[in-house]
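Contents: one structure, followed by commentary.
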Amino acid sequence: MPEWQVWTGGGLVAAGALLAIIGAVGVLRFPDVYTRIHAASITDTGGAGLTILGLGLLAGFTPVTLKLLLIFVFILLTTPAAANALANAAFGSGHPPWSNGKRIVREEKSREAP
Amino acid sequence: MLLMGAAAGLLVAMALMIIRAIAGPSHYDRILAANSFGTKTVLFIAVVGFVFGRPDFLDISIAYALINFVTTIALMKFFRYRSLASALTEHTSTESRDA
């Protein structure tokens, strides 16, 4: 395996892990369910994509790459479905979206506008 | 070396997600944390398989990804209907198909 392939693959995997940490910090710090879903999506798309791309570079053209592609396609199909179902269930159960106290201002403006 | 660092980073991210799962104010935060923890676990198992030079771990990773999705949907159904055995009605079945 050439040298650049090892370093590029490892770098991509490390970048994916960094995006996973960023998404985890976002989930920890954001104020609401919906904003946390947004932060978790960073892990599901960027983190998983970069990590699996890097591992595929490290593996070369082998059946391992096919398995990696299978994992990636499955993550790409299921996590948006799970996130959409989660937001739907949270909204249906009456969680109001976080608005930083700006909702009252908007209602006053809509009253003043006409 | 880079792979070991990535595995350690994924472990840190999983620890943060466990903190959110314990501290989450609502059920949905906990479900979200469990789902994201599962995704990170899939990546972690894959990376650890490459670190140890045994890419056969990817089979475990695929199985974990499948179980993770089913777990999330089942938890959401349980917290919404308070039962896993109740059949969905006509309205909610179209709704869950949209979801």
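As they're listed, the protein sequences go chains A and B. Just so you know, we're using this note's numbering here: the first sequence kicks off at 1173 and counts up by one. Just so you know, we're using this note's numbering here: the second sequence kicks off at 664 and counts up by one. Ideal Cβ positions, reconstructed from N, Cα and C, are used throughout, including at glycine.
Can you find the residues in the same chain that come closer than 8 Å, C-beta to C-beta, to residue i, ignoring five residues on each side of it along the sequence?
i, result
"His1210 (chain A)", "Gly1198 and Phe1202"
"Phe700 (chain B)", "Met677, Met680, Ile681 and Ala684"
"Leu1258 (chain A)", "Val1205 and Ile1209"
"Thr704 (chain B)", "Met677, Tyr727 and Asn731"
"Arg745 (chain B)", "none"
With burial defined as no fewer than 16 other Cβ atoms inside 10 Å of the residue's Cβ, what is the status of residue i: buried or exposed?
i, result
"Phe1233 (chain A)", "exposed"
"Pro1269 (chain A)", "exposed"
"Thr718 (chain B)", "It should be pointed out that residue 718 (chain B) corresponds to Pro in this sequence rather than to Thr. By the 10 Å Cβ count, Pro718 (chain B) comes out buried."
"Val1245 (chain A)", "exposed"
"Arg1208 (chain A)", "buried"
"Tyr698 (chain B)", "The sequence as given places Asn at residue 698 (chain B); Tyr does not occur at that position. Burial call: buried."
"Ala1253 (chain A)", "exposed"
"Ala1255 (chain A)", "buried"
"Met667 (chain B)", "exposed"
"Leu747 (chain B)", "exposed"
"Ala1262 (chain A)", "buried"
"Gly1264 (chain A)", "exposed"
Please go through the same chain and pick out, in chain order, the residues whose beta-carbon is closer than 6 Å to the beta-carbon of residue i, but skip the five residues on each side of it.
i, result
"Gly1228 (chain A)", "Thr1237 and Leu1240"
"Thr1223 (chain A)", "Val1185 and Gly1188"
"Phe707 (chain B)", "Leu673"
"Leu665 (chain B)", "none"
"Ala1192 (chain A)", "Thr1215 and Gly1219"
"Trp1179 (chain A)", "none"
Who are the Cβ neighbours of residue i in its own chain at under 7 Å, not counting the five residues just before and after it?
i, result
"Arg693 (chain B)", "Ala684 and Gly687"
"Ile723 (chain B)", "Ile708"
"Ala669 (chain B)", "Val710"
"Gly1195 (chain A)", "Ala1211, Ala1212, Ile1214, Thr1215 and Gly1219"
Could you give the distance in angstroms between the alpha-carbon of residue i and the alpha-carbon of residue j?
i, j, result
"Ile1247 (chain A)", "Ile725 (chain B)", "10 Å"
"Leu729 (chain B)", "Val711 (chain B)", "19 Å"
"Ser749 (chain B)", "Thr1217 (chain A)", "33 Å"
"Glu1175 (chain A)", "Phe713 (chain B)", "17 Å"
"Leu1249 (chain A)", "Gly1221 (chain A)", "13 Å"
"Met1173 (chain A)", "Leu695 (chain B)", "39 Å"
Consider the Cβ of residue i: report whether some Cβ of chain D lies at a distance smaller than 8 Å.
i, result
"Gly1218 (chain A)", "Looking for chain D here will not work: the only protein chains present are A and B."
| query | Taking a cut of 7 Å between CB atoms, which residues from the stretch 675-693 of chain B lie near chain A? | reply | Val675, Ala676, Leu679, Met680, Ile682, Arg683, Ser689, Tyr691 and Asp692
| query | Okay, do the stretch 730-737 of chain B and the stretch 676-686 of chain B touch, 3+ Cβ pairs below 8 Å being the bar? | reply | no
| request: Return the residues of the stretch 732-752 of chain B that lie within a Cβ-Cβ distance of less than 8 Å from chain A, sorted by chain order. | output: Phe732, Thr735, Ile736, Met739, Phe742 and Arg743
| Short-range partners of chain A found in the stretch 693-717 of chain B, where Cβ spacing is below 7 Å | Ile694, Leu695, Ala696, Asn698, Ser699, Thr702, Lys703, Val705, Leu706, Ala709, Val710 and Phe713
| field | Residues of the stretch 1233-1247 of chain A whose Cβ lies closer than 7 Å to any Cβ of chain B, in chain order | value | Val1236, Lys1239, Leu1240, Leu1242, Ile1243, Phe1246 and Ile1247
| message | Residues of the stretch 1200-1211 of chain A in Cβ contact with chain B at a cutoff of 7 Å, in chain order, please. | response | Those residues of the stretch 1200-1211 of chain A that come within reach of chain B (Cβ to Cβ, closer than 7 Å) are Leu1200, Val1205, Arg1208 and Ile1209.
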